[in-house]
Amino acid sequence: MSKLRPLHDRVIVKRLEEERVSAGGIVIPDSAAEKPTRGKVIAAGTGRILEDGKVRPMSVKEGDTVLFGKYAGQEIKIDGEELVFLKEDDIVAVIEG
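So the sequence shown is residues 32 to 128, counted in my numbering.
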């Protein structure tokens with residue numbers, strides 16, 4: 032895969048597959064399944080540039096598993112792999128543990 036380096040407060044995320052079976056044991060077909068809203072950070076920028084010119088470091092790093100909004104970011108396909116480009120503000124949580 033090409034090496035991507037997001038700028039400033041941008042993050043590149045690879046979606047993680049969601050569970051395909053409901054709590055009741057029903058298998059959910061691909062056509063009915065929603066796109067996952069969690070993913071693994073594969074690259075992160077250096078941080079947001081503030082009005083005074085200083086850089087606020089990122090709260091997420093490569094390898095973190097994160098939750099983001101259903102309609103957040105921009106999807107792009109690179110080397111056959113679907114990725115999501117997000118701003119750090121689009122990430123709502125880091126999953127720890």
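All C-beta atoms in this analysis are idealised placements derived from N, C-alpha and C, irrespective of residue type, glycine included.
Through-space distance from residue j to residue i, alpha-carbon basis
i	j	result
Gly-78	Glu-112	25 Å
Gly-94	Arg-69	13 Å
Leu-117	Arg-36	13 Å
Phe-99	His-39	18 Å
Ala-63	Lys-101	With a pLDDT of 46 at Ala-63, under the threshold of 50, the predicted position of this residue should be treated as unreliable, and no value is reported.
Glu-127	Val-72	13 Å
Val-125	Lys-85	24 Å
Gly-76	Glu-48	24 Å
Arg-41	Glu-119	6 Å
Ile-80	Val-91	16 Å
Lys-34	Val-97	21 Å
Asp-83	Ala-103	28 Å
Bridge partners - residue i, DSSP secondary structure assignment
i	result
Leu-117	Val-42
Leu-98	Arg-69, Ala-124
Gly-104	In DSSP, Gly-104 forms no bridge with anything.
Glu-129	Shown here, the chain extends from 32 to 128; a query on residue 129 therefore has no answer.
Terminal residues of the beta strand (DSSP E) in which residue i lies
i	result
Val-86	86 to 88
Gly-78	78 to 80
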